[in-house]
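Chemist: Below: one structure in structure tokens.
Protein chains in written order, with the UniProt record's numbering: chain P, 1 to 455; chain B, 1 to 455.
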């Protein structure tokens, strides 16, 4: 695709009542519906009608705060995505599953199932989990160290890709006359033996429409970037400024060659929490209104958790106290660094920082008109900072509807975004090739092999 | 409900192309569609239109045979059920999940999600897994011993019920004005510490419509029956004769009192694989036709696995060789005993036994007219052998359609089966009470407590 036809990719990041931490207090949101499938069905259908590439659900494996003033609770994302697969036709479905508290056989199998059920629309956001309260729900006293989590994640991906490739695409025969159900030579054990896992295989489900789900990653630490360069096909990342985003973009893309990959095999999608007004001042007022609905206790708990320091003992209108060093952080390292940099760059008090983070928990918040937002997206997109965006509406469903009705048509007018889906699978939306099965390549004659590679 | 109004309960056990091991070779089945959601949607809608209480999906965590002539493979049941929840309104959705290869936090959370998504239609068929090939997919060299699996299952249920009760039903407040999201006094840690698990909780999803999913169990060994008496609300069981079924029925029901439970708190649903003909001889011909489609190699592998002996070295037209003792069986103990008894009672050769097992893997197969089948079901139902049945069509979708069009109307004419759903949840279909939350009872004033208990 020529540079001038380059299209941006939009993922809708769905978060209960919305991404702003006070969304549930905002008129028009539906916090009572966060366990109601019909609510999420409406959101998914709106996103599909707007031609989003995909929708995405985050996850956590524990409640990590006093839930009095809010909490990230609700439907388990994988269960929810599968239910949404039945009521949508085109939009990609990306679910978060942790490699730290799961078994690769289950995960490989469930994503293969979701990919079959959705006819090729599954994506896996690979996380390593970030908090000790999660460990406590899985018979562990302490959280695995950051680098150990990535070692485990790495081996986890070896096992899951091995399992997804354990069936060649044409292994199922189903010849009634001869009684041949499958070609047993095309279904193989993987016999993986490693530090964390010992898995025999094969998987008990045939290879799925996409070969395997689109692999997505959201960690932006050193370990995270290296992991992404090796495995990820899309990255969700939090970037506050154009310069930071450009640096991250070129850093990650430059790491791909080492793994024999090209820059177009990995999409970088920074988060954006767009607060949309008919005028700039209306947008700023909306932002102000939302920030005034926040509950200080809630925000302080989240920020204390992010920074690994108890902020309740410091004055709200003072600056951040001395913080732990990055090496001591065993949660989300890159988010820690982002918050520290943000507070320093903008010289923020704790209260001001709470407001800056309320919209997107570290992801960029931008309040303006639809045109201004389209300008911002285009600026990042054409200046080497992104391949598209992870769109995080501050409140739902209205924040999504405003984006769909105002920003997307503007991006379409500029020729930056599709008016209709051209493909059917998430890989097709993202412009990613279907992974060839290494066994098929090895066993096929040259011509057939070439055909497989070009799929 | 008076004895005369007693209604039987019907569960549809869905198995890919059908329960007969040669179903995939039978004209009219759709083995190419076993990974296609639209195929399963059609089956679910047919079952719902016929007013089945529920549909059920079995599971295995490995391929345990050479797949040349057939295999139990396909969509992961939980993923599939969630997708079916979106396209059905009334029918219960029962999924199999193993307590041996899963974490209770994940399982509690996923079933709570499915129960929310389906608005109260979730059921969990609790299994402990039965084969060492499954162990090999989960970093274990050998399979956990039978009694150890049940010890783990027992603790697993303590944890999951604890987690399901960790939210009181009215814990979510969502008061926008005061900024009160939840009543934090009504959401509790469980702080479970046991031999197999250490789980802090609470669950990160509010209590679901049914309180928790209907708990189903399918093991009929000593350990299995005792586990069922303590926890199960429905049992799927394989019983070949009226007498055996009556013995099992009264045995299990008599164990409930020990756990402070009454006989009506547990439904016993024996399996039936009905082969339906317009005449008896047509039905027998159908059965014969199906049996002739079986592949000996496939059946022998399954039977060798069930009996823990390599049958390939014995003559097909001879009797079973000497078998291991029941104590040495670490798979499905009750199924082992059933097959041994069946072969002895009917004095079967190995080949004859293979045919007797081809329809339902040990579950009862009955070939006859719709009237004869209704007679059989009624006989068991009114003579203390069952509260309903686990219906296992030999081939799909036609075997289900025949049952829905011919047998169910006959059961309705006899006043034995509903013509319309009267309830909305699976508990309502099964006539089971919604479990009260022990925390709510403890903390509520007397009057409120009574109201909660009668829910």
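Virtual Cβ for every residue (Gly too), placed ideally from N, Cα, C.
Kindly list the residues whose CB is nearer than 8 Å to the CB of residue 203(B), restricted to its own chain and excluding five residues on each side of it in sequence; keep chain order.
Modeler: For residue 203(B), where only same-chain residues beyond five positions count, the Cβ hits under 8 Å are 105, 108, 109, 112, 163, 164, 166, 167.
Chemist: Apply the 10 Å Cβ neighbour rule to residue 440(B) and answer buried if 16 or more other Cβ atoms are within range, or exposed otherwise.
Modeler: By the neighbour-count rule (16 or more Cβ atoms within 10 Å), residue 440(B) is buried.
Chemist: Run through the DSSP bridge pairs and tell me what residue 126(B) is partnered with.
Modeler: Answer is 97(B), 217(B).
Chemist: Got a sec, what are the start and stop residues for the beta strand (DSSP E) residue 175(B) sits in?
Modeler: Segment 172-175, the beta strand (DSSP E) holding residue 175(B).
Chemist: For the segment 22-48 of chain B, list every residue whose C-beta sits within 7 Å of some C-beta in chain P, in sequence order.
Modeler: So the close ones are 24, 25, 31, 32, 35, 37.
Chemist: DSSP three-state label for residue 196(P), please.
Modeler: DSSP places residue 196(P) in coil when its eight states are reduced to three.
Chemist: Taking just the CA atoms, how far does residue 422(B) sit from residue 99(P)?
Modeler: Approximately 44 Å between the Cα atoms of the pair.
Chemist: On a CA-only basis, which of 250(B), 44(B), 286(B), 64(B) is nearest residue 56(B)? Give me that one, please.
Modeler: That would be 44(B), whose Cα lies nearest to the Cα of residue 56(B).
Chemist: Could you tell me if residue 70(B) is buried or exposed, where buried requires 16 or more neighbouring beta carbons within 10 angstroms of its beta carbon?
Modeler: Classification of residue 70(B): buried, given that the 10 Å Cβ count is 16 or more.
Chemist: Step through the CB atoms of chain P and report whether any lies within less than 8 Å of the CB of residue 114(B).
Modeler: Yes, contact with chain P.
Chemist: Residues in the segment 307-318 of chain P with C-beta within 8 Å of chain B's C-beta atoms, listed in sequence order?
Modeler: Cβ contacts with chain B: none found.
Chemist: Against chain P, with Cβ distances strictly below 8 Å, would residue 79(B) count as a contact?
Modeler: For residue 79(B), the answer is yes, since a Cβ of chain P falls inside 8 Å of its Cβ.
Chemist: What is the DSSP secondary structure of residue 267(P), reduced to helix, strand or coil?
Modeler: Strand at residue 267(P).
Chemist: Listed from N- to C-terminal order along the chain, which residues in the segment 148-159 of chain B have their beta-carbon within a distance smaller than 7 Å of any beta-carbon of chain P?
Modeler: Under the 7 Å Cβ criterion, the segment 148-159 of chain B contributes no residue.
Chemist: Mark residue 321(P) as exposed unless 16 or more other C-beta atoms lie within 10 angstroms of its C-beta, in which case mark it buried.
Modeler: Exposed.
Chemist: Please report whether the beta-carbon of residue 342(B) lies at a distance below 8 Å from any beta-carbon of chain P.
Modeler: So, not an interface residue.
Chemist: What's the gap between the Cα of residue 268(B) and the Cα of residue 387(B)?
Modeler: Answer to the nearest angstrom: the Cα atoms are 5 Å apart.
Chemist: Could you give the C-beta distance for residue 270(B) and residue 389(B), rounded to a whole number, given that I count them as a contact under 8 Å?
Modeler: Contact flag correct, Cβ pair sits at about 6 Å.
Chemist: Does the beta-carbon of residue 14(P) have 16 or more other beta-carbons within 10 angstroms, so that it is buried, or is it exposed?
Modeler: Its Cβ being crowded by 16 or more others within 10 Å, residue 14(P) is buried.
Chemist: Can residue 417(P) and residue 12(P) be called in contact, C-beta distance under 8 Å?
Modeler: No, Cβ-Cβ distance for residue 417(P) and residue 12(P) is not below 8 Å.
Chemist: Let me know the alpha helix (DSSP H) ranges lying completely inside the segment 282-316 of chain P, each 4 residues or longer, listed in chain order.
Modeler: Fully enclosed alpha helix (DSSP H) runs of 4 or longer: 296-307.
Chemist: Kindly identify the DSSP beta-bridge partner or partners of residue 118(P).
Modeler: In DSSP, residue 118(P) forms no bridge with anything.
Chemist: Nearest to residue 172(P) by alpha carbon, out of 206(P), 200(P), 289(P)?
Modeler: Comparing Cα-Cα distances from residue 172(P) to each of 206(P), 200(P), 289(P), the minimum goes to 206(P).
Chemist: Put residue 14(B) into one of helix, strand or coil per three-state DSSP.
Modeler: Residue 14(B) falls in the strand class under three-state DSSP.
Chemist: Which residue from 241(P), 261(P), 435(P), 53(P) puts its Cα closest to that of residue 420(P)?
Modeler: Cα-wise, what sits closest to residue 420(P) is 53(P).
Chemist: Can you find the residues in the same chain that come closer than 6 Å, C-beta to C-beta, to residue 284(P), ignoring five residues on each side of it along the sequence?
Modeler: Closer than 6 Å at Cβ, skipping near neighbours: 367.
Chemist: Taking Cβ-Cβ distances shorter than 8 Å, what residues in chain P pair up with residue 75(B)?
Modeler: Within chain P, the residues near residue 75(B) are 113, 116, 117, 205.
Chemist: Do you know whose CA, among 425(B), 31(B), 286(B), 443(B), lies nearest residue 115(B)'s CA?
Modeler: The candidate whose alpha carbon is nearest that of residue 115(B) is 425(B).
Chemist: Could you pull out every unbroken alpha helix (DSSP H) segment of at least 4 residues lying fully inside the segment 17-51 of chain B, listed in chain order?
Modeler: Qualifying alpha helix (DSSP H) stretches, in chain order: 37-49.
Chemist: Go through its chain and collect everything with a Cβ distance to residue 127(B)'s Cβ below 6 Å, but skip five positions before and after it.
Modeler: Taken in chain order, the residues that qualify are 96, 98.
Chemist: What residues match up with residue 275(B) in a beta bridge as DSSP calls it?
Modeler: Paired residue(s): 367(B).
Chemist: By how many angstroms is the C-alpha of residue 435(B) removed from the C-alpha of residue 454(B)?
Modeler: Because residue 454(B) sits at a pLDDT of 41, beneath the cut-off of 50, its placement in the model cannot be relied upon, and the following sentence gives the value as read from the coordinates. Distance between the alpha carbons of residue 454(B) and residue 435(B): 9 Å.
Chemist: Could you confirm whether any beta carbon from chain P is found closer than 8 Å to the beta carbon of residue 6(B)?
Modeler: For residue 6(B), the answer is no, since every Cβ of chain P falls outside 8 Å of its Cβ.
Chemist: Buried or exposed: residue 442(P), going by 16 or more other Cβ atoms within 10 Å of its Cβ?
Modeler: Result: exposed.
Chemist: By Cβ distance below 8 Å, which residues in the same chain neighbour residue 396(B) in space, the five residues on each side in sequence not counted?
Modeler: Answer for residue 396(B): 14, 15, 16, 17, 18, 23, 29, 30, 43, listed in chain order.
Chemist: List the endpoints of the continuous beta strand (DSSP E) containing residue 163(P).
Modeler: Counting along the chain, residue 163(P) falls outside any beta strand (DSSP E), though it belongs to the alpha helix (DSSP H) covering 146-164.
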